[in-house]
Each structure stands twice: as structure tokens, then as C-alpha cells.
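Numbering (my numbering), first residue to last: 109 to 807. Below is one structure, written out as C-alpha cells; comments come after it.
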């Protein structure tokens, strides 16, 4: 029996995680056997009884997940096509490597137990007669959507291959309708040239070669001088279309055929020359033509003697003579669609013994030219359309609200940047706008849409450029993709500053907490500038270490990237083990006394964004000649100390809060403007008074 062939004891089956999934699904299974014809599928036996099948999803699909790498799931099916167990046995998802416990992911996959391989399954929503909805996993929405597609897509594919579920997805196009009024006189050459008549030419050598490696090798083979001779020269044509049928059959014979056909029936002509008969003699004894059959939509059907009419004469100009011709009727029960490609399969048999024989099948592909039929547009529901789209399209569609609100927020930010000179002249309104936008960034972009960018995204991008770039990897999370697209443009125009100061959720959390601390009179400490500018280097060192490690092991780099508290504070909303929460809280406590310490000295993402800042197009932060000497008001007020003592702004460290610009335009705060205003009031100009600071704008 087949069980004895290449069977392996279950205890030796690898990987270990996969073996455990099989044992949980079928504790009685004692051995596994690679399936003949597809060794990726394992047959599971308890003694000699076939219990089910197991496979790893990576052998069938490689859908990239959030990390850009595919997940690998072990799926176990019973003999009826029901999922008995499904578990992810390998992944590279950063949120699951260090973040959400893997037990929650296993709880998610446990929901697939008992589902059939041909069911529609969605993550979230409600179940109905068309689909089953499973609960998602907060914080890892994209990952579980990929897991869902991997499990169900491979289960259906394997189920179809094993014959346990129907291969048809139930979405046949609407039935094509033949245009019975259109007619054009055509020659045989024209009909064969435009595909109305299709040809299959098999030489004796081709057929002999197809039996190599079988028991029929060497049986009835042709001699060397005969190998190029045709065994059969076969033609097929669809006759219902008047241009084809009337030209081939002639007017009288075509009219006779149309009276014979009932609603839903179709006729084809088969014509051939050669030593091999497509009719054979089986239909005489058993009533079935066993050498030809039709295949469409995965279904096959044969012709019986009652479906056969002799084709005694043909009328197409230039048509060769044929030794064998026939008309076959495709009956209405087969639901044949003339506008969909179909195949006429010719079977060639070689006798290997008194009762044994080998078969080879040769297909003649047929597609009716479009001018002969019309097809109504399919009526597809929005849900059905969405199911047919790639994974990233489904994710974008489901997160439509987040995309729209994010787009509005980015539009508001662009307005602020382009009209900043007007807004900063109204300091109270500008501060209200800034605090409102930071609140939006924290609560919507961060905690709701989970749009916190990370150095892991940068490392993944660099790694993809090295190992093979795929847009699908980055499109899988629309919020992150849009933010990165915006950040790329922002860096080119304004540098790092705008993202770190306006769009980073953790940065917004720090700034809002520090504002509250100031309102509560919490004392603030300023790092001496000499120490401050040396601490800048730390984040660049962290970036270099992470980049170097990622070249060797991306998984290790993702673990080391926990130096960022983003996952803890934003993505998981502090729902983590105490070491991670303690680290994030400690950074926020320090921030109460000195603003944005992590951003200024430790953030590898900020370092990565700062490097291309020198390429920016705009320098819209205005300065005066007096800035730094003698006036140093702005560099004392800059909360992130991005203004050097000499007065110039370091754009690689600036967070674009626009505080310095509010001072720049305030003639009650900016010393040069105060002197100028007082001088005008007294009727003399400041430059004439040595105690005054002259006003000279630097362009």
C-alpha cells in the first residue's frame, strides 16, 4: 500500500512547530507521506487510514506582510476539506517579534479551525451567508489580514488540487450571446487567419516523445524517416456564429443545423486528416466518443452518439479535403459559454498489454473572436469586487476613513507652512493652532491610525532595495505609506524639521506633556550648549549600529530598534510588559523637565531624516543680521536648542515649531523691532543712537 512508500514517523517530521500542529489536529496520526505529484502536500496516516493533509503556506504563496517578508503557516485539512488546525510557524513581523504576544496571534489563527477550505473569510465585520468574519488583532491589523489571505488562499488551492472543494470561484462572467444577424462572406484562409477555425497538428515524433518515461515508451513508435509526418491534422470551429457556420456548411446545411439546436445548445465542427481518427470506434460499441472531450471552467464533458452528425460537405472557398469530419452538439446541461475560452482535448492511447494502456492528452485551445458575440457587463457587488482585488487594495479600501482624515490633516499642515509668515504675526492663534495639530497628530495619527513612523521602516526600505524591491510591501499599510510619501516631499522642501515637529506622534506626546508641565510650573533645565551639541552624535551612532546589524540580520535590528519607545507608547498604548513601559515612561518623565530629550539625542529615525536635510529647497525661517550678535533672545527661547549661539539655525536639529518666527515678527518682543518701534515713536531712527540695536533683515 502507498503508506509504506517513503513514509516517515511523525516524531521525525520537521519543523518542530509544524509537527506540533499536526499532533494537535490529529493525535492519532503515526506517519506522514509526501503526496505523489506534489511533495509540498503531506498525507497524514493513522496506521493505513488516511486522516487528512498538511502543508506549509510558503510552498504555495509568498504574500509579503507588514515586514516585507511572507509569513509561513502550517495548515492541516481533514479528508473532506475542513481546516483542522492552522498556525503561523514563522514570521518576521516587528510588532509580533517584540510587542504583541505571539499567543494572541495563535488565538487569532485558532478561529480557522472548523472552517471549510472554500469559504470566504474576512477579518472584522459581521458574518453573513456569503462570508465568515473572524476577529482581528488590535495593533497588528495588516499582519492578520495577510495571515487570513495566506491561510484561506492556500487552503482553497490545496483543496482544489485534492478534489475536496470546487475549483470554480462562483464568479463566471455573464453568458455571452451570439450575434445571429451579423454575416460576412469569408474564405477558408480568412477563417483560419482570424481564429474562427483553430488547428492542432501532431506529428508522429511529437506523440512518441510524449510517451517517454511511461510504460508505452517504444510502443508503436514511428521510424526515423516518419517522425515529421502528421499523425493527425485537426481543425475545430464554433458553428453557431453565422459568419463561421454559413461559410463552412453552406446556407441550407446551416439552416438545418439551427433548427436542430434547442435553446442553450451549441454546435462545433471537427475536421481532420491523418492516420489517427478523432472519432475512433468506441462510440459504436458504447455510444461515447472516448478520444475527444470539451473542457471549460474546469469542467469536462464527452460526446455521445446522439450528439454526433455527419458533416458530408463543406462550402468554404479554399478549404482542403478532409478524411474525417463531424458536427458535435454541446447540450444545454453543460452550461457552455461560447465567449469563454474552451479546449478540445484529443486523447491518444497506446496499448501496453491485453488490458493495460497509457494515455496522453493534447489540447486544441479555442477562443471565439470577439466580433461574433456580445457579453453584458457583469453585475458585481462592491463586496465581490473588493474580494477580487490584491491585498493592498483591500486594506486601502477598509481604511478609507483614516486615509481621508489623514489627507485633510496634511492639507492643513501644508496651509500652515505656506502661510506661516501671516500666521506667526498672530502668536496666540498660532500657538492654539499648533497645540490643536499636535493633539490631532497624537490621538488620530498615532493612537487611532497607528501612523507612527519608525527606523524599522527605513531599514526595511534599504533592505528591500538590496534584496528585491516590491511596491506591494509598502502599499500594504496605507497610513504609513502616505506618511512616508509626504515625509519624502517634506524633507526635499523643508528638511527633517516639519515631520519631527508636526507629524511624529511620540514627538507630539512629549511636547504636549512638556507644555502641561510648564503650566504647572515644573522647573525647566537647559543643557549647556557645549554638552548639547556633543549629545547630538548619540542618535547618529545608534542609526549606524542599527543599519550595520540590519545588513546581517533584519530580525536582530528590529529587536534593537526598541531603543525607540514608539511601539510601546503609540502603537500598543503602553499595553506591554513592565521593562518597555518603564523605559517609555522614564523618557516622558525626563521630558517634563527638558523638552524632547529622546528626539534631540537618541532618535535614530530623526537621525535618518536629518542626513538628507542639507538637500532641502527652502530656508523659510527668517533671521536678522543682529541674531546672535548682539541679540540672543531666540536661541535662549528655542526649546530644542537648534539655534546656535552665533544666531544661525541648525536645520538638522530644528523641529520647525515656529516660535522663533513669532518672535521675529513681534515688535513687542524682538529687541531690534522694539528699538525701531520706539525710535519711530520718538521721531528718530535707532541707527543714530549707539545704545540701540540696528535693524537689518538677512535675506
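We treat Cβ as the ideally placed atom computed from N, Cα and C, and that holds for glycine.
Given this structure, state the Cα-to-Cα distance separating residue i from residue j, to the nearest angstrom.
i: residue 775; j: residue 781; result: 5 Å
i: residue 266; j: residue 181; result: 14 Å
i: residue 631; j: residue 704; result: 15 Å
i: residue 225; j: residue 257; result: 12 Å
i: residue 295; j: residue 343; result: 15 Å
i: residue 656; j: residue 692; result: 25 Å
i: residue 583; j: residue 564; result: 16 Å
i: residue 426; j: residue 349; result: 20 Å
i: residue 424; j: residue 355; result: 5 Å
i: residue 664; j: residue 588; result: 22 Å
i: residue 300; j: residue 422; result: 15 Å
i: residue 127; j: residue 574; result: 34 Å
i: residue 566; j: residue 596; result: 12 Å
i: residue 177; j: residue 136; result: 34 Å
i: residue 199; j: residue 433; result: 59 Å
i: residue 739; j: residue 244; result: 57 Å
i: residue 634; j: residue 509; result: 42 Å
i: residue 125; j: residue 165; result: 14 Å
i: residue 158; j: residue 152; result: 6 Å
From the DSSP output, in three-state form, read off residue i for me.
i: residue 270; result: coil
i: residue 119; result: Because residue 119 sits at a pLDDT of 47, beneath the cut-off of 50, its placement in the model cannot be relied upon, and the following sentence gives the value as read from the coordinates. Helix.
i: residue 739; result: strand
i: residue 236; result: coil
i: residue 670; result: helix
i: residue 598; result: helix
i: residue 338; result: strand
i: residue 744; result: helix
i: residue 529; result: helix
i: residue 584; result: coil
i: residue 218; result: helix
i: residue 208; result: coil
i: residue 112; result: In this predicted model, residue 112 has a pLDDT of only 37, less than 50, meaning its place in the structure is not dependable; the value taken from the coordinates is given anyway. Three-state DSSP puts residue 112 in a helix.
i: residue 433; result: strand
i: residue 483; result: coil
i: residue 732; result: strand
i: residue 142; result: strand
i: residue 440; result: helix
i: residue 132; result: helix
i: residue 797; result: Summary for residue 797: the model assigns pLDDT 48, below 50, so the residue's position carries little reliability; its value from the coordinates is reported in the next sentence. Coil at residue 797, not helix or strand.
i: residue 284; result: coil
i: residue 332; result: helix
i: residue 634; result: coil
Quick check on the DSSP output: the beta strand (DSSP E) that includes residue i runs from which residue to which?
i: residue 157; result: 157 to 164
i: residue 182; result: 180 to 186
i: residue 396; result: 396 to 404
i: residue 146; result: 146 to 154
i: residue 374; result: 374 to 381
i: residue 407; result: 407 to 412
i: residue 677; result: Residue 677 -> no beta strand (DSSP E), and no H or E assigned at all.
i: residue 459; result: 450 to 459
Could you work out which residue in the options is closest to residue i when comparing CA atoms only?
i: residue 160; options: 209, 628, 421 and 186; result: 186
i: residue 557; options: 574, 671, 586 and 542; result: 586
i: residue 291; options: 255, 362 and 223; result: 362
i: residue 758; options: 731, 739, 778 and 773; result: 731
i: residue 526; options: 504, 330, 250 and 601; result: 601
i: residue 65; options: 726, 752 and 724; result: Residue 65 cannot be examined here, being either before or after the span of the chain that is shown, 109 to 807.
i: residue 473; options: 459, 223, 454 and 480; result: 454
i: residue 572; options: 149, 154, 172 and 145; result: 172
i: residue 220; options: 240, 676, 331 and 151; result: 240
Compute the beta-carbon to beta-carbon distance between residue i and residue j, rounded to the nearest angstrom, for a pair I have assumed lies under 8 Å.
i: residue 554; j: residue 613; result: 3 Å
i: residue 347; j: residue 339; result: Contact flag wrong, Cβ pair sits at about 26 Å.
i: residue 169; j: residue 262; result: 6 Å
i: residue 452; j: residue 402; result: 6 Å
i: residue 396; j: residue 438; result: At roughly 15 Å, the Cβ-Cβ gap does not stay under 8 Å, so residue 396 and residue 438 are not in contact.
i: residue 449; j: residue 475; result: 5 Å
i: residue 625; j: residue 700; result: 4 Å
Could you spell out the range, first to last residue, of the alpha helix (DSSP H) harbouring residue i?
i: residue 465; result: No alpha helix (DSSP H) holds residue 465; the beta strand (DSSP E) holding it covers 465 to 474.
i: residue 416; result: Looking at the DSSP string, residue 416 is not in any alpha helix (DSSP H); the run it does join, the beta strand (DSSP E), is 416 to 418.
i: residue 352; result: 350 to 357
i: residue 543; result: 535 to 548
i: residue 689; result: 686 to 701
i: residue 503; result: 499 to 506
i: residue 307; result: Where residue 307 is concerned, there is no enclosing alpha helix (DSSP H), although the beta strand (DSSP E) it sits in stretches over 305 to 311.
i: residue 370; result: Here residue 370 belongs to no alpha helix (DSSP H), and DSSP marks it neither H nor E.
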